[in-house]
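Chains as they are written, first to last, in this note's numbering: chain P, 18 to 502; chain E, 1094 to 1321.
No residue lacks a Cβ here, since even glycine has one placed at the ideal position from N, Cα and C.
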Amino acid sequence: MNSNVTFYSRIEDAIAHPDRHRPVGVGAMRFAAKRLAAAAAYPEFEAMRDRARRIRAHTLCRLDHYLGQFANQVEKNGGHVFFAADAAEANRYVTDLARARGVKKAIKSKSMVTEEIELNHALEAAGVEPIESDLGEFIIQLAREKPSHIIAPVMHKTRQQVGELFAEKLGIPYSDDPEELNRVARSRLRTEFLTADMGITGCNFAVAESGSVALVTNEGNARLTTTTPRIHIVLMGMERIVPTFADLGVMFQILARSATGQKLSVYSTIVSGPRRAGEADGPEEFHVVILNNGRSSTLGGELAEILYCIRCGACLNSCPVYQAIGGHAYGSVYPGPVGKVVTPALMGFGPWADLPHASTLCGACREVCPVRIDIPHLLLKLREQGHEAGRTPAWLRVGLGIYRAAAERPWFFRLGLKANQVATRFLAGRDGWIDRLPPPLAGWTDHRAFPALARESFRTWWGRREEGNGERGTGNGGEGGRDGS
Amino acid sequence: MDRESFLAQVRRQVGRAVLPEAAGEREVFDPGPAAGEGLVARFAAELEAVSGRCHVVDGIDSAWETLLALCEEIAVREYLAWDDPFLPLPDLNRRLHERGFNRGENELPVDEAARQAAQEQLAGAQIGITGALGGLAETGSVALHCGPGRGRLASLLPPVHVALLRADQLFPTMAHFIQAHPAALQEASSFVFITGPSRTADIEQTLTLGVHGPKNLHVILIQQTGEG
């Protein structure tokens, strides 16, 4: 993912091979339908979303205060807090701790932030074996792939593909029965849970008043990760904070409904420090790594609202672009609408300048976002920033320059219109549609047709109408859809 | 990075942040009266909807019979449990012992070698018995506040989890529960709302029960005779 070209080529690739990501589109639509049903069955949903949005806004405007309170409480509970400016600092803290405690094996519960900082690479380089325990992440790790969805990482794989993978990597007889595949994964991972020295989790929410970390799973792997190993280490983005237990309750009410359509995930686990005196189980050590990694500058800029995100995945599921190209084509850890904002916001434009353009601005993401983030607005802001930073492709800059020159001069505009009417009629087939535009416009017709301009322009038609004629124009091409295409 | 510089950096950006909804007073969210009609029926229906089993029983004796029947169903005699003071059935562990059941060692030792041996022994238990701090009717959830005498493993390692709950511990919603137990997080190093048995849908969104946690969740909901 080193240049702008690769994003376009990944999209080309995705469109040319729909079989590779079709399950993602199907799965996303199924999640979206479940969310709709859950919202319809919960009359308080809209009020809860408003409440959640106000909680996020309130917290972020006092983030320094709440982070300080949270850190004090974690220490009061007997835990340790480390503030990491970037991915390198966070990874170093974890690997140093692992080395100091003689950790050989670390069991992990699904965490997007550890994907963001590529913690698994750092652990492997330090001689620690990281083992993913979420079933989907376990499959991804076996296949050495990346997640295609933030809550359903293995959505791109069919059961047959998982069956073949297990047969190859785990040396078991082939089966494509999810029940059987699950049984195999459970028994292997149970052994890992009982022998791992360190448990690593992300953090869905952190509660400032009690120094607690909330983890939401359906499988129960976060509970095991925070119970059987002797060290528990949490990696959290610094924006994960909520002030109180009551605020956390509001977040729980909207998270699962937005994500999977469940009323509540099976396990909403909240851990507050290491095991206490008299307790029979739980880790002896509890560490929290609070990660900045570009978040503070996002907070002070035009994209601050993206930090409201609670990582439910609803915007991915509702997005027509995500449904069409799947999660991998984005190339970023966070795909879909939220990824198009978060990725350039946290990492800078670098290779990500084109991501904000991969949107139709239809607003479906804003519609479903549990905390009502105005993602289309943020995408426009990013496009503007990209343009100002000189990240607009040359063809677009030249094209817009020509259009601007024409639009500022009525005679030029009329001339251009006439020329286009003639040219497009010449190129169009009998049905009024162009299947192949000449370069440099050929890209448009790679995947769709372009309509010939109507014989009568809108301006002429409007002029006639204003004169009292009032009849519809007679332009006969390019109106409505193309029949039979 | 040291804490002061990190927080100072955040503070500078907080000063620039433009987040309109952040202005104004913090609202106090009042979920309304906690007592309600039909909590037991709602709880039972919601729990069954997420593949859990709810046994509504009248009084201690029927609760004991229901529990014993669940234990007898499982051929293995090893079980894990919370200590008696935290269970609504008096002398539960002693009575199970009299029936030939062995309570597994709950302790996960601090020493590394002993710890692994203990974990392997713990893994043999087939049923885990716990109490609960409360139940949520809206979602069919049970709230467990793990701590001394209330281990985490009993509700986590065995394939069957039985939670014992009194009907007067039910709340309409999570907000009501939190209002009644505002300090629950400070009091437990590990707290959990459990809503149904462990599940996954990671492979082609096909629902499968019992991934890492218990495959079967039973709640024995104890009403005092005459209670509705």
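Contact of Pro393/P with chain E is not assigned, every C-beta pair being separated by 8 Å or more. In this chain, the alpha helix (DSSP H) harbouring Leu363/P covers Gly353 to Met364. Proximity of chain E to Leu206/P at the Cβ level (cut-off 8 Å) is accounted for by His1305, in chain order. Shown in chain order are the members of the segment 94-110 of chain P whose Cβ falls below 7 Å from a Cβ of chain E: Phe100, Ala101, Ala102 and Glu106. A buried status is given to Tyr339/P, since no fewer than 16 other beta-carbon atoms sit within 10 Å of its beta-carbon. CA-to-CA, the gap between Arg70/P and Arg400/P works out to about 25 Å.
Here the C-alpha atom of Asn334/P lies approximately 43 Å from the C-alpha atom of Leu1180/E. The beta carbon of Arg292/P sits closer than 7 Å to the beta carbons of Asp298, Gly299, Pro300 and Glu301 from its chain, once the five residues preceding and following it are set aside; these are given in chain order. If you compare the alpha carbons of Glu1165/E, Leu1302/E and Ser1144/E with that of Gly1193/E, the shortest gap goes to Glu1165/E.
For Asp1176/E, no beta strand (DSSP E) encloses it, and the DSSP letter there is neither H nor E.
Ala101/P: member of the beta strand (DSSP E) spanning His97 to Ala101, first to last residue.
Beta-bridge partners of Asp1151/E (DSSP): Gln1316/E.
Note that the C-beta distance between Phe1284/E and His1254/E is not below 8 Å. When Cβ pairs closer than 8 Å are counted between the two stretches, the segment 315-327 of chain P is seen not to touch the segment 143-153 of chain P, the count staying below three. Proximity of Leu1140/E to chain P, defined by a Cβ-Cβ separation below 8 Å, is not satisfied.
Per DSSP, Cys379/P has no beta-bridge partner at all. Contact check between the segment 201-210 of chain P and the segment 85-102 of chain P: fewer than three CB pairs, one atom from each, fall below 8 Å, which does not count as touching. For Gly433/P, the enclosing alpha helix (DSSP H) has its first and last residue at Pro427 to Leu444.
Assigned with DSSP and collapsed to three states, His34/P falls in coil, not helix or strand. Taking 9 Å as the Cβ-Cβ cut-off, the segment 275-287 of chain P approaches chain E at Thr277, Gln279, Lys280, Leu281, Ser282, Val283, Tyr284, Ser285, Thr286 and Ile287, given in chain order. Sequence-ordered contacts of the segment 74-96 of chain P with chain E read Ala74, His75, Leu77, Cys78, Arg79, Leu80, Asp81, Leu84, Gly85, Ala88 and Asn94 [C-beta pairs closer than 8 Å]. Rounded to whole angstroms, the gap between the alpha carbons of Arg476/P and Asn437/P is 15 Å. Sequence-distant Cβ neighbours of His345/P in its own chain, meaning closer than 6 Å and more than five residues away, are Ser165. Ala381/P and Trp450/P have their C-alpha atoms spaced approximately 29 Å apart. Under the DSSP definition of a beta bridge, Asn334/P lacks any partner.
Contact between Gly1244/E and Asn1199/E holds, with the beta-carbon distance rounding to 5 Å and staying under 8 Å. Secondary structure of Thr218/P (DSSP, three-state): strand. Excluding sequence positions up to five before and after Asp1177/E, its CB lies within less than 8 Å of the CB of Pro1183, Asp1184, Leu1185, Asn1186 and Arg1187, all in the same chain and listed in chain order.
Below the 8 Å Cβ cutoff, chain E contributes Ser1282 as neighbours of Gly290/P, in chain order. Assigned with DSSP and collapsed to three states, Thr244/P falls in coil, not helix or strand.
Taking Pro246/P as reference, the option from Thr218/P, Thr261/P, Glu226/P and Glu236/P with the minimal CA-CA separation is Thr218/P. Put simply, the backbone Cα of Val1149/E is about 5 Å away from that of Leu1314/E.
Per DSSP, the continuous alpha helix (DSSP H) segment holding Glu92/P begins and ends at Leu80 to Lys93. At a beta-carbon threshold of 8 Å, the residues of chain E lying near Pro40/P are Glu1297, ordered along the chain. Within the segment 1099-1116 of chain E, Phe1099, Leu1100, Ala1101, Gln1102, Val1103, Arg1104, Arg1105, Gln1106, Val1107, Gly1108, Arg1109, Ala1110, Val1111, Leu1112, Pro1113, Glu1114, Ala1115 and Ala1116 place their CB atoms closer than 9 Å to a CB of chain P, listed in sequence order. When C-beta atoms of the segment 225-235 of chain P are compared with those of the segment 35-47 of chain P, fewer than three pairs fall below 8 Å, so the two segments do not count as touching.
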